[in-house]
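Contents: one structure, followed by commentary.
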Amino acid sequence: MNFAEIEKTINTLAKKANDGSISIDEMAGGSFTISNGGVYGSLISTPIINPPQVCIVGSDCNYLIVIETSHHQKFAA
694 MNFAEIEKTI NTLAKKANDG SISIDEMAGG SFTISNGGVY GSLISTPIIN
744 PPQVCIVGSD CNYLIVIETS HHQKFAA
């Protein structure tokens with residue numbers, strides 16, 4: 694799948710999600726959950742990772758946390 698095809702697929706799925714016609718099969722198999730903490734922010738909400746997803750991308754974060762592993766690798770969260 695090239696970049697243009699990915700954009701078209703995202704647009705199609707977004708339209709289906711907005712009008713309520715997206716199917717369970719079309720939502721299955723993702724890697725990331727996109728979370729919006731809403732008007733209260735993410736300090737009050739508790740996002741849940743749904744397997745097989747491995748990460749939550751928050752849209753309301755206004756700070757950066759850097760995690761350093763025991764092997765001195767750094768990750769931004």
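The working numbering applies: residue 694 is where the sequence shown begins, and numbers increase by one. Backbone N, C-alpha and C define an ideal beta-carbon position, used for all residues, glycine too. As the structure is a prediction and not an experimental result, all values here were calculated from the model.
query: Touching or not, the region 712-730 and the region 740-751, by the rule of three or more beta carbon pairs under 8 Å?; result: yes
query: Whole-angstrom Cβ separation of K708 and E719, contact assumed at under 8 Å?; result: That pair is no contact at about 11 Å.
query: With a Cβ-Cβ cutoff of 8 Å, do I715 and L706 count as a contact?; result: yes
query: Once you ignore the five residues that flank N711 on each side, which residues in its own chain have a CB closer than 7 Å to its CB?; result: none
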